[in-house]
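*Asks:* Read top to bottom, the protein sequences are chains A and B. With the numbering used here as the guide, the letters of the first sequence map in order to residues 1184 to 1543. With the numbering used here as the guide, the letters of the second sequence map in order to residues 243 to 370. First, the structure itself, so that you have it in front of you.
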Amino acid sequence: MFLFKSNENNIFKKILPIKYLALSIMIVWTFIASSLLVWNISTKKKGTLENAKIEARTLIRKDILYREWNSMHGGVYVPVIKDTVPNKYLNILERDVETTSGTKLTMINPSYMTRQVHEIENKRDGVKGHLTSLNPIRPENLPDAWEEKALKLFHKGKKEESSMEVIHNKVYLKLMATLIAEKRCLKCHAAQGYKEGDIRGGLSVSIPLLPHKNIERQQIQTLYITYSLFWFVGATGITTGFFFLIKKIKNQITNEIKIKDQERLQGVLEMAGAVCHELNQPFQAVLSASEIIQIKIEHEESISEEVSILIDELKKMGTITENLMNITKYKTKKYLNGSIIDIDEASNYNTHKKLKGKNK
Amino acid sequence: MKEKNILIVDDEPSVLRLFKLFFLRAGYNVLTAESGEEAIELLEEEKILVFFLDLRLPKMSGLELCREIKKSIPMAIIYAITGYASLFELSDCRVAGFDDYFNKPVSLPVLLKVTEEAFNKIERWRKT
Chain A
1184 MFLFKSNENN IFKKILPIKY LALSIMIVWT FIASSLLVWN ISTKKKGTLE
1234 NAKIEARTLI RKDILYREWN SMHGGVYVPV IKDTVPNKYL NILERDVETT
1284 SGTKLTMINP SYMTRQVHEI ENKRDGVKGH LTSLNPIRPE NLPDAWEEKA
1334 LKLFHKGKKE ESSMEVIHNK VYLKLMATLI AEKRCLKCHA AQGYKEGDIR
1384 GGLSVSIPLL PHKNIERQQI QTLYITYSLF WFVGATGITT GFFFLIKKIK
1434 NQITNEIKIK DQERLQGVLE MAGAVCHELN QPFQAVLSAS EIIQIKIEHE
1484 ESISEEVSIL IDELKKMGTI TENLMNITKY KTKKYLNGSI IDIDEASNYN
1534 THKKLKGKNK
Chain B
243 MKEKNILIVD DEPSVLRLFK LFFLRAGYNV LTAESGEEAI ELLEEEKILV
293 FFLDLRLPKM SGLELCREIK KSIPMAIIYA ITGYASLFEL SDCRVAGFDD
343 YFNKPVSLPV LLKVTEEAFN KIERWRKT
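Written as structure tokens, this is what we have:
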């Protein structure tokens, strides 16, 4: 029972550092997998914002192109309808004309056209466009706080400003680009003191982020599943390796114990051989002498020789047991095909006896 | 059979003395040797057919001596007497040519009985 516990302790002591090592590897592995997941999620989120920015830039670019087209023609005449009334801020000659058949037409300049397109865009896609300036002709084109800040940055040299904004409890990407005064623009805006190349204002768009966030959520879910599998495969590898190592150590310890037991058995056999060999010699003499004494007594013969042999052999036995009690070394001698303990060499009894004799 | 010669080989002088005394009283002609080499010398001088050999002898072992005897006297009946021998070593005894083996201490009347049987066997072989 004690030996069993001792072996268990031995195994436990050898396995403990391996357990700590496996635990450390598992922690490092979990940290690596989590860091990669966090990094990937962060990249995806940045990507979502970048995609929204690209969409915003495309819309602004398209607005500018239509404005250029309008401006190229010096404005466009359209029939006056309920939603398209003459622009009261457009002070030019022939703003309103009439066709020969009597249809009333009014001129649509780039700003009016942009505003109308923005209204349609807002109704249809939820995209909020706004043409703005720090010095607008139309007061409704005054910037909000965010736009004012951006416009001021444009005057310091910045070309674009963007951020995520919450408008009416919905998340938007708001992006604004500069509007540069071109020669054609000065037809209406020269009176405000603009020169060609001046920053005249900005065109902002607010893109709803929900569709982008939905795609992002799906991609992040895929990432969670992929990285969970990635972590699981690694963790399984670490656990399998750990158990394989434990099994190997247990087998090694068991084999060591077997070898030790075999060595012990070998020692026991060598000692048994030595005791049998050393004691059976005088036993043989004692038995033979006793048997002869028995015969001689029956014939009334002298037994003095056999008795003296008996005494000598009994003394030899005494010496053998003294030697056995004083064994201090492991010494063997060849015996037939094997080996037995060399009791005389292994014991220090004779040495003591000799030393005592010398001292006397 | 006129001369019943027995050779006892043992490195223990007291055992040799007692065995010799006993077998002499029983009417056998007893020769003794304390080593294998001494025993081989005796073989050249005397005609011996029954042997008692201790397995552990100073130089030449009892097993080697048995092989030597069997080589020169195939009819010899040889008994091993040993202080200690494992099962493997006893099997080696049979291979070497020992007819039987005894663990020490062995009773003298037992040895006397096998000796008588050995000489009876030899006598029977001679008649055939």
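Backbone N, C-alpha and C fix where the C-beta goes; we use that ideal spot for every residue, glycine too.
(1) Mind checking the region 334-350 of chain B against chain A and listing, in chain order, the residues whose C-beta falls within less than 8 Å of any C-beta there?
(2) In chain A, what lies closer than 9 Å to F265 (chain B) by C-beta?
(3) Interface residues of chain B around Q1464 (chain A) at Cβ under 8 Å?
(4) Just reading off the alpha helix (DSSP H) that H1372 (chain A) is part of, what are its end residues?
(5) Any beta-carbon of chain B closer than 9 Å to the one on Q1467 (chain A)?
(6) Suppose contacts are defined by Cβ-Cβ distances below 9 Å. Is Y343 (chain B) in contact with L354 (chain B) by that definition?
(7) Chain A beta carbons: is any one of them nearer than 9 Å to that of S277 (chain B)?
(8) For a cutoff of 9 Å on Cβ pairs, would you count E1446 (chain A) as touching chain B?
(9) Report, in whole angstroms, the separation of the C-beta atoms of L273 (chain B) and E288 (chain B), which I expect to be a contact under 8 Å.
(10) What is the DSSP secondary structure of R1383 (chain A), reduced to helix, strand or coil?
(11) To the nearest whole angstrom, what separates the beta carbons of R1383 (chain A) and S1316 (chain A), a pair I think is in contact under 8 Å?
(12) Between T1422 (chain A) and the rest of its own chain, which residues show a CB-CB distance below 7 Å, the 5 nearest in sequence each way excluded?
(13) Jot down the residue ranges of each uninterrupted alpha helix (DSSP H) in the region 246-324 of chain B, minimum 4 residues, whole runs only, in chain order.
(14) Compare the beta carbon distance of I1510 (chain A) and L263 (chain B) with 9 Å and say whether it is the shorter of the two.
(15) Quick check: the region 1355-1363 of chain A against the region 1410-1428 of chain A, are at least 3 beta-carbon pairs closer than 8 Å?
(16) How would you list, in chain order, the residues of chain D whose beta-carbon sits under 7 Å from the beta-carbon of A1472 (chain A)?
(17) What residues match up with I1476 (chain A) in a beta bridge as DSSP calls it?
(18) For a contact meaning CB atoms closer than 9 Å, what does D1495 (chain A) contact in chain B?
(19) Suppose contacts are defined by Cβ-Cβ distances below 9 Å. Is L297 (chain B) in contact with I290 (chain B) by that definition?
(20) Just the Cα atoms here: how many angstroms apart are M1184 (chain A) and N1193 (chain A)?
(21) If I measure Cβ to Cβ from E1343 (chain A) and keep anything under 6 Å in the same chain, skipping five residues before and after, which residues do I get?
(22) With a cut-off of 9 Å, does the C-beta of R309 (chain B) fall near any C-beta of chain A?
(23) Could you name the residues of chain B that G1456 (chain A) contacts, counting a contact when the two beta carbons are closer than 7 Å?
(24) Alpha carbon to alpha carbon, what distance is there between A1374 (chain A) and L1276 (chain A)?
(25) Out of A:M1508, A:F1466, A:V1300 and A:T1419, which one is the CA nearest neighbour of E1496 (chain A)?
(26) Would you say E331 (chain B) lies against chain A (beta-carbon separation less than 9 Å)?
(27) Can you pull out the residues from the region 1510-1533 of chain A whose beta carbon lies closer than 8 Å to at least one beta carbon of chain B?
(28) Please list the terminal residues of the continuous beta strand (DSSP E) segment that includes A1360 (chain A).
(29) From I1523 (chain A) to I1210 (chain A), what does the alpha carbon distance come to, in whole angstroms?
(30) Quick check on the DSSP output: the alpha helix (DSSP H) that includes Y1295 (chain A) runs from which residue to which?
(31) State buried or exposed for T357 (chain B), treating a residue as buried only when at least 16 other CB atoms are found within 10 Å of its CB.
(32) Pull the bridge partners of M1347 (chain A) from the DSSP assignment, please.
(33) Taking only beta-carbon positions, decide if K1543 (chain A) is within less than 9 Å of chain B.
(34) So, are the CB atoms of E308 (chain B) and F293 (chain B) less than 9 Å apart?
(35) In three-state DSSP terms, what is L1288 (chain A)?
(36) Who are the neighbours of I1475 (chain A) on chain B, taking C-beta pairs under 7 Å?
*Replies:* With the structure as the only source:
(1) D334, N345, K346, P347, V348, S349 and L350
(2) What you label residue 265 (chain B) is simply residue 23 of the second sequence in a count that begins at 1. Correct list: empty, because the minimum Cβ distance to chain A is about 11 Å.
(3) The residue given as residue 1464 (chain A) occupies position 281 in the first sequence. Neighbours of Q1464 (chain A) on chain B, chain order: E254, V257, G325 and K346.
(4) Looking up residue 1372 (chain A) in the first sequence gives position 189. H1372 (chain A) -> alpha helix (DSSP H) spans L1369 to H1372.
(5) As a first step, residue 1467 (chain A) must be located in the first sequence, where it is residue number 284. For Q1467 (chain A), the closest Cβ of chain B is nearer than 9 Å.
(6) The residue you call residue 343 (chain B) lines up with position 101 of the second sequence. The residue you call residue 354 (chain B) lines up with position 112 of the second sequence. No, these two residues do not count as a Cβ contact at 9 Å.
(7) The residue you call residue 277 (chain B) lines up with position 35 of the second sequence. Not an interface residue.
(8) Numbered from its first residue, the first sequence carries residue 1446 (chain A) at position 263. Answer no: the Cβ-Cβ gap between E1446 (chain A) and chain B never drops below 9 Å.
(9) For the purposes of this step, residue 273 (chain B) is taken as the residue at position 31 of the second sequence. For the purposes of this step, residue 288 (chain B) is taken as the residue at position 46 of the second sequence. The Cβ separation is near 6 Å, so the contact holds.
(10) Here residue 1383 (chain A) refers to the residue found at position 200 of the first sequence. In the structure shown, R1383 (chain A) sits in a strand (DSSP, three-state: E or B).
(11) Mapped onto the first sequence, residue 1383 (chain A) falls at position 200. Mapped onto the first sequence, residue 1316 (chain A) falls at position 133. About 6 Å; that satisfies the 8 Å criterion.
(12) On the first sequence, residue 1422 (chain A) is found 239 positions in, with the first residue counted as 1. Closer than 7 Å at the Cβ level, and outside the excluded window around T1422 (chain A), lies no residue.
(13) Within the region 246-324 of chain B, the complete alpha helix (DSSP H) segments of 4 residues or longer fall at 255-267, 278-287 and 304-314, listed in chain order.
(14) Within the first sequence, the letter at position 327 stands for residue 1510 (chain A). Within the second sequence, the letter at position 21 stands for residue 263 (chain B). Taking 9 Å as the Cβ cut-off, I1510 (chain A) and L263 (chain B) do not qualify as a contacting pair.
(15) no
(16) In the structure shown, chain D cannot be found, because the protein chains are A and B.
(17) Along the first sequence, one-based indexing puts residue 1476 (chain A) at 293. Answer is none; I1476 (chain A) lacks a bridge partner.
(18) Taking the first residue of the first sequence as position 1, residue 1495 (chain A) is located at position 312. Per Cβ cutoff of 9 Å: S256.
(19) Start at 1 with the first residue of the second sequence, and residue 297 (chain B) comes out as number 55. Start at 1 with the first residue of the second sequence, and residue 290 (chain B) comes out as number 48. Their beta carbons are not under 9 Å apart, which means L297 (chain B) does not touch I290 (chain B) by this criterion.
(20) Along the first sequence, read from residue 1 onward, the residue named residue 1184 (chain A) stands at position 1. Along the first sequence, read from residue 1 onward, the residue named residue 1193 (chain A) stands at position 10. Any answer about M1184 (chain A) is weak, because its pLDDT of 44 lies below 50 and its placement is not dependable; what the coordinates show is given next. About 14 Å.
(21) As a working note, residue 1343 (chain A) is residue 160 in the first sequence. The residues are A1360.
(22) Taking the first residue of the second sequence as 1, we reach residue 309 (chain B) at position 67. For R309 (chain B), the answer is no, since every Cβ of chain A falls outside 9 Å of its Cβ.
(23) Here residue 1456 (chain A) corresponds to residue number 273 of the first sequence, with the count starting at 1. Neighbours of G1456 (chain A) on chain B, chain order: Y326.
(24) As a first step, residue 1276 (chain A) must be located in the first sequence, where it is residue number 93. As a first step, residue 1374 (chain A) must be located in the first sequence, where it is residue number 191. Distance between the alpha carbons of L1276 (chain A) and A1374 (chain A): 15 Å.
(25) Here residue 1496 (chain A) corresponds to residue number 313 of the first sequence, with the count starting at 1. The candidate whose alpha carbon is nearest that of E1496 (chain A) is A:F1466.
(26) Position 89 of the second sequence, counting from 1, holds the residue named residue 331 (chain B). Yes, because at least one Cβ of chain A sits closer than 9 Å to the Cβ of E331 (chain B).
(27) Y1518, L1519, N1520, G1521 and I1523
(28) Stepping through the first sequence from its first residue, residue 1360 (chain A) is reached at position 177. Where A1360 (chain A) is concerned, the enclosing beta strand (DSSP E) stretches over K1353 to I1363.
(29) Looking up residue 1523 (chain A) in the first sequence gives position 340. Looking up residue 1210 (chain A) in the first sequence gives position 27. So the two alpha carbons sit approximately 56 Å from each other.
(30) In the first sequence, counting from the first residue as 1, residue 1295 (chain A) sits at position 112. P1293 to D1308 is the extent of the alpha helix (DSSP H) around Y1295 (chain A).
(31) Walking along the second sequence from the start, residue 357 (chain B) turns up at place 115. Buried is the call here.
(32) Locating residue 1347 (chain A) in the first sequence gives position 164, where the first residue counts as 1. Per DSSP, A:L1356.
(33) As a working note, residue 1543 (chain A) is residue 360 in the first sequence. Because K1543 (chain A) sits at a pLDDT of 36, beneath the cut-off of 50, its placement in the model cannot be relied upon, and the point is left open.
(34) Start at 1 with the first residue of the second sequence, and residue 308 (chain B) comes out as number 66. Start at 1 with the first residue of the second sequence, and residue 293 (chain B) comes out as number 51. According to the sequence provided, residue 308 (chain B) is Cys. The question's Glu does not apply to it. Their beta carbons are under 9 Å apart, which means C308 (chain B) touches F293 (chain B) by this criterion.
(35) The sequence position of residue 1288 (chain A) within the first sequence is 105, counting from 1. Residue state, collapsed to three classes: strand.
(36) For the purposes of this step, residue 1475 (chain A) is taken as residue 292 along the first sequence, with counting starting at 1. Neighbours of I1475 (chain A) on chain B, chain order: L260, L263 and F264.
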